[in-house]
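Notes to accompany the following structure.
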Amino acid sequence: MTLCIALCDDDKIALNNELRLIKDVLNEKKIKHSIDIFSSPQKLLQSDTVYDIIFLDIEMAEMDGISLAEKISITNKSCLFFFVTNYEAYFDNASNVRPFRFWTKPIDRRRLVYGIDSAIQELYKNNQFINVMVNSENIQIFISNIIYIYVQNKKTHIITTKGEIIVSIPYQTVFEQVKDYTNFFEPFRGYCINFSYIKRYGKDKIYCGYRETEYEIYLSRRKQEDFQKNFAKWIGEK
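In structure tokens form, the structure reads like this:
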């Protein structure tokens with residue numbers, strides 16, 4: 001697999017620094033890659049290349065990184081966005097395009113290493129699916145589209161980016177198909193969430209969603225420490 005990567009930042013010094021760091025990490029890990037750099041958001045939009053990963057500065061004069069990501073997502077829904085900015089406050093605004101990572105400048109090497117590893121797993125997972133029975137028909141659901149899963153009245157509900165799917169097979173049977181992925185976690189008995197869709201969280205609540213839709217999920221007291229540990233590890237804050 002060759003990772004196809006783009007970097008976009010109108011600060012050419014920052015752009016070249018990021019390029020050197022990213023190439024260094026990829027070469028060290030012996031990952032095949034191609035990298036294109038852009039100092040203009042419009043030039044990136046005009047590119048015909050379908051990128052696996054794009055590193056975007058949020059603050060650019062021509063077009064902000066969030067708007068740029070939204071436009072790219074229209075034609076490239078599987079692209080993973082690494083947002084880089086000087087201000088953490090932009091995180092909430094970026095949630096509509098599911099940032100894969102959100103980092104402040106300069107990029108921390110340790111976070112980058114972990115982020116690249118997670119991105120490769122995510123790209124692989126984008127082509128993986130679970131099998132479930134709906135009205136006696138076997139259907140496949142892409143794992144990357146699952147927001148969360150829960151059981152209610154002996155029915156298993158699978159909430160996805162395309163809507164809700166209700167199946168009669170046991171919750172545990174569905175959970176067994178996703179439990180080995182590091183981005184899935186059980187915050188409460190009979191509930192399983194996808195870290196990729198977390199918008200924010202509090203002491204005993206997790207808010208997941210996609211675009212304008214948001215779901216509130218209870219986080220049990222005994223799972224709070226495990227949640228913090230696993231979520232921090234997933235985002236590269238080990």
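What the sequence shown shows, in UniProt numbering, is residues 1 to 238, in sequence order. A virtual CB, placed ideally from N, CA and C, is assigned to each residue, including glycine. Treat the numbers as computed from the prediction; the structure is a model and nothing was measured.
Among the options, nearest to residue i - alpha-carbon criterion
i       : options                            : result
Ile-198 : Tyr-215, Asn-27, Tyr-191, Asp-204  : Tyr-215
Asn-131 : Phe-184, Thr-173, Leu-112          : Thr-173
Asp-226 : Phe-185, Tyr-191, Gly-190, Phe-175 : Phe-185
Lys-77  : Ala-61, Glu-59, Met-63, Asn-127    : Asn-127
Val-134 : Tyr-150, Glu-164, Gln-152          : Glu-164
Asn-86  : Phe-175, Pro-106, Pro-41, Ala-232  : Pro-106
Asp-11  : Pro-41, Ile-5, Lys-23              : Pro-41
Cys-192 : Asp-108, Ile-159, Lys-229          : Ile-159
Arg-189 : Tyr-150, Glu-59, Ile-13            : Tyr-150
Asp-24  : Asn-230, Lys-71, Arg-109, Ile-74   : Arg-109
Ser-168 : Glu-176, Asn-153, Ile-72           : Asn-153
Spatial neighbours of residue i in its chain, beta-carbon cut-off 6 Å, leaving aside the 5 residues before and after
i       : result
Arg-101 : Phe-82, Gly-115
Thr-161 : Asn-145, Tyr-210
Asp-57  : Asp-9, Gly-65, Val-84
Ala-232 : none
Asn-96  : In this predicted model, Asn-96 has a pLDDT of only 49, less than 50, meaning its place in the structure is not dependable enough to derive any value.
Nearest-angstrom Cβ-Cβ length linking residue i and residue j, presumed shorter than 8 Å
i       : j       : result
Tyr-166 : Lys-179 : Here residue 166 is Ile; the residue named in the question, Tyr, does not match the sequence. That belief does not hold up - the Cβ atoms of Ile-166 and Lys-179 are roughly 21 Å apart, past 8 Å.
Tyr-220 : Pro-170 : Just to set this straight, residue 220 is Ser in the shown sequence, not Tyr. That belief does not hold up - the Cβ atoms of Ser-220 and Pro-170 are roughly 21 Å apart, past 8 Å.
Lys-125 : Ile-139 : At roughly 18 Å, the Cβ-Cβ gap does not stay under 8 Å, so Lys-125 and Ile-139 are not in contact.
Phe-129 : Ile-141 : 6 Å
Leu-15  : Ser-39  : 6 Å
Ile-37  : Leu-80  : The pair is not a contact, with the Cβ atoms about 17 Å apart (cut-off 8 Å).
Residue i at chain D interface by Cβ criterion, 7 Å
i      : result
Lys-77 : Here chain D cannot be found, since the structure has a single protein chain.
Residues near residue i in its chain [Cβ-Cβ closer than 8 Å; skip 5 each side]
i           : result
Trp-234     : Ser-118, Thr-182, Asn-183, Phe-195
Lys-203     : Leu-219, Gln-224
Tyr-207     : Ile-198, Lys-199, Arg-200, Tyr-201, Glu-214, Tyr-215, Glu-216, Ile-217
Lys-205     : Glu-216, Ile-217, Tyr-218, Leu-219
residue 256 : This structure gives no information on residue 256, because the portion of the chain shown stretches from 1 to 238.
Met-60      : Cys-8, Asp-9, Asp-10, Pro-41, Leu-68
Thr-49      : Cys-4, Ala-6, Asp-36
Nonlocal neighbours in the same chain, by C-beta distance under 7 Å from residue i, ignoring five residues either side
i       : result
Glu-62  : Asp-10, Ser-40, Pro-41, Gln-42
Gln-177 : Ile-130
Lys-71  : Leu-45
Val-113 : Val-25
Query raised in the report: Residue ranges of each beta strand (DSSP E) run of no fewer than 3 residues wholly in the region 96-181, ordered along the chain?
Result: Annotation: the region 96-181 contains the following complete segments of the beta strand (DSSP E) (minimum length 3 residues), in chain order: 101-104, 129-134, 137-142, 146-152, 155-160, 163-167.
Requested in this report: Please confirm if the region 45-65 is in contact with the region 25-32, defined as three or more CB-CB distances below 8 Å between the two stretches.
Outcome: Cβ pair count under 8 Å is below three, so no.
Query raised in the report: Does the pairing of the region 64-73 with the region 13-26 give three or more beta-carbon distances under 8 Å?
Result: Contact between the region 64-73 and the region 13-26 is absent: fewer than three C-beta pairs spanning the two stretches fall below 8 Å.
Query raised in the report: If we count Cβ pairs, one from each stretch, closer than 8 Å, do we get three or more for the region 115-132 versus the region 34-48?
Result: Output reads no: the region 34-48 does not touch the region 115-132.
Requested in this report: Within the region 14-85, note down every full beta strand (DSSP E) run reaching 3 residues or more, in order along the chain.
Outcome: The qualifying runs are 33-38, 53-57, 80-85.
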